[in-house]
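Colleague:
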Amino acid sequence: MVWDLRRAMLKKEEFESARLMDFDFRQRVRATRLLARELGIEESGLVRDTAVLEQDALIDLTAQRSGWVRQEVSERYSQCLSRAREQLIAEIGDPTPNRLG
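By the numbering used here, the letter at position 49 of the sequence shown is numbered 142, and the numbering carries on one by one without gaps.
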């Protein structure tokens, strides 16, 4: 039985990609929830939209629903993304890929 380095590297790449995508999605959802709370709008519908909308479309929709200026919503969303990242790192760890020795 021979150890297949190529196969091991592909498996690691798959695993790391999935882990990073999961972290990114969790961060977007949490940031959206934080933003909705800050702006005083219903959060469950907005969070649901996170799965199907790109960031710019989500910001446009949030501005429309809240009555806030898009630029202000965008700045607040950036702040919420930073807070969400900090919270997630504290809860589940840093998403930086693990390097092979």
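Glycine included, C-beta positions come from ideal geometry on N, C-alpha and C. Just so we're clear, the structure is a prediction, and the values are computed from it rather than from any experiment.
Can you have a look at Leu103 and say buried or exposed, based on whether 16 or more other CB atoms are within 10 angstroms of its CB?
Modeller: Under this definition Leu103 is an exposed residue.
Colleague: Any chance the region 153–168 sits against the region 108–120, with 3 or more Cβ pairs inside 8 angstroms?
Modeller: Counting Cβ pairs under 8 angstroms, fewer than three are found: no touch.
Colleague: Considering only residues of the region 108–161, which uninterrupted alpha helix (DSSP H) runs meet the minimum length of 4 residues and lie entirely inside it, listed in chain order?
Modeller: As far as the region 108–161 is concerned, its whole alpha helix (DSSP H) runs of at least 4 residues are 136–143, 148–159.
Colleague: Answer yes or no: do Leu181 and Phe108 have a C-beta to C-beta separation smaller than 9 angstroms?
Modeller: No; because the gap between Cβ atoms is not below 9 angstroms, this pair is not in contact.
Colleague: From this set, Leu128, Gly133, Ala177, Phe118, which residue's C-alpha is nearest Val68's C-alpha?
Modeller: Because the chain spans 94 through 194 in this model, residue 68 falls outside it and cannot be assessed.
Colleague: Compute the beta-carbon to beta-carbon distance between Ala177 and Gln120, rounded to the nearest angstrom, for a pair I have assumed lies under 8 angstroms.
Modeller: Correct: roughly 5 angstroms between the Cβ atoms.
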